[in-house]
Structure formats: structure tokens, C-alpha cells
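Just so we're aligned, residue 43 is where the sequence shown starts under my numbering, counting upward by one.
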Amino acid sequence: MIMQFYHEPREDIRRYNEPTVSETAAVFESSDGTPPSHRHISVYPKKGDIQRIDYDSMHCDHMTYVLIWPYGEPGWYINMQYNGKRKTAKRCNISMREYVCFRMAIKGTPPCGNFNPVLSTAKLSQQLIVDYYCRIEGDRLKYIRNQQSKL
């Protein structure tokens with residue numbers, strides 16, 4: 043399973059070098075400066091053809107970050123509904139930003155106490171945070187672009 047970005051193929055001899063710093067970042071090129079909107083992960087089953095899972099799918103997070111979500115809990119998806127008091131007549135869907143804030147919060151619930159696997163995996167946490175940031179900013183820019191007449 044891999045996460046793919048669409049891009050022009052170029053040879054970069056440094057591609058497989060060992061990282062020299064402890065920071066994680068996403069680098070992309072586009073004509074308008076927005077993150078790539080056509081991201082997906084590719085699953086290579088033992089039998090059959092390649093299956094592509096869009097990054098908006100509820101299955102993307104636990105298939106990409108297996109160490110953080112080993113039990114395959116569903117992630118955020120479009121039209122994810124609020125439960126309980128937060129649901130109003132005007133807003134009934136959870137935004138990706140709200141979902142990410144919930145996932146990254148330190149919640150003192152038994153039996154794990156204050157343990158949060160999202161924040162406890164070092165560089166994998168950095169990669170996840172950068173991935174979430176790119177998704178949130180991409181969705182935010184897409185919303186602004188599509189809703190210009192209402193803004």
C-alpha cells in the first residue's frame with residue numbers, strides 16, 4: 043500500500059537518501075499554489091487489480107497509518123454527522139479540522155489514561171500532522187474557490 047501524488051516524473055538522485063533533519067514536510071508543485079487534490083492510496087491485493095482509495099474515504103487513515111490505528115477504526119469522511127448536542131439545524135456535519143482536533147486531543151479515559159497513539163509515534167506523528175495539515179488546507183482552499191459567489 044502506498045500514498046501517491048500525481049506529478050511529473052523527474053529523476054532525483056537524492057530521493058532515497060537518509061533524512062538529515064528531524065522535521066517532516068510536504069513539498070508539492072502546482073500552478074496556483076494549492077495542495078494536490080487528486081491524492082489517493084493504492085492497495086495491491088494478493089489477487090486482483092490495484093485498488094485506489096481516495097483520501098476522503100473513511101478507510102484512508104487506518105490503512106496509511108497502521109501503527110496508530112491498528113484496529114481499523116474509521117476515520118473522517120465527507121458528511122460525517124455530529125452526535126448529540128453539537129448538531130444544529132444549520133450545521134450537522136463535522137469538519138475535517140474538528141475531527142483532527144478530536145483525534146489529537148489528550149483524553150484521560152480508562153484504561154489508557156492520558157495515552158494518545160497519535161502523539162506517541164514520533165516521526166510517524168509528524169508525518170500524520172503534515173498530512174492532515176495538507177488535507178485541511180486543500181479543503182479550505184477548495185471551499186473558498188468553489189464558494190466565491192457566496193463569500
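Cβ coordinates follow ideal geometry from the N, Cα and C atoms, glycine included.
What you are looking at is a predicted structure, and each value in this text was computed from that prediction instead of being measured.
Quick check: what's the CA-CA separation for Ser191 versus Tyr185?
In the sequence shown, the residue the question calls residue 191 occupies position 149. In the sequence shown, the residue the question calls residue 185 occupies position 143. The straight-line gap from Cα to Cα measures roughly 11 Å.
I'd like to confirm the pairing. Which residues does DSSP put opposite Arg94 in its beta bridges?
Translated into positions along the sequence shown, residue 94 becomes position 52. Per DSSP, Ser84.
Distance check for Gly126 and Arg187, CA to CA, integer angstroms please.
Stepping through the sequence shown from its first residue, residue 187 is reached at position 145. Stepping through the sequence shown from its first residue, residue 126 is reached at position 84. If you take the alpha carbons of Arg187 and Gly126, they lie about 32 Å apart.
So the candidates are Ala147, Asp98, Lys88 and Ile110; which of them puts its Cα closest to the Cα of Met138?
Within the sequence shown, numbered from 1, the residue matching residue 138 stands at position 96. Minimum Cα distance to Met138 is reached at Asp98.
Can you look up Gln189 in the DSSP assignment and give me helix, strand or coil?
Counting from 1 along the sequence shown, the entry for residue 189 is found at position 147. In this structure, Gln189 counts as coil in the three-state DSSP scheme.
Among the candidates Gly90, Met146, Phe144 and Asn121, whose CA atom is the shortest distance from the CA of Asn135?
By one-based count along the sequence shown, residue 135 stands at place 93. Nearest of Gly90, Met146, Phe144 and Asn121 to Asn135, Cα basis: Asn121.
Checking the sheet assignment: what are the DSSP bridge partners for Asn197?
There is simply no residue 197 to check, as the chain begins at 43 and stops at 193 in what is shown.
Determine the burial state of Ile92: buried for a count of at least 16 other Cβ atoms within 10 Å of its Cβ, exposed for fewer.
In the sequence shown, residue 92 corresponds to position 50, counting from 1. Looking at its Cβ environment, which holds fewer than 16 other Cβ atoms inside 10 Å, Ile92 is exposed.
Sort out for me which residues DSSP pairs Asn135 with in a bridge.
Here residue 135 is taken as the residue at index 93 of the sequence shown, counted from 1. Per DSSP, Gln123.
According to the neighbour-count rule (16 or more other Cβ atoms, all chains shown, within 10 Å of its Cβ), is Arg94 buried or exposed?
As a working note, residue 94 is residue 52 in the sequence shown. Burial call: exposed.
Where Pro159 and Gly90 are concerned, what is the direct C-alpha to C-alpha distance, given to the nearest angstrom?
Within the sequence shown, numbered from 1, the residue matching residue 159 stands at position 117. Within the sequence shown, numbered from 1, the residue matching residue 90 stands at position 48. Taking the straight line from one Cα to the other gives about 33 Å.
In terms of residue numbering, what span does the alpha helix (DSSP H) encompassing Thr25 cover?
Nothing can be reported for residue 25, as the shown portion of the chain is limited to 43 through 193.
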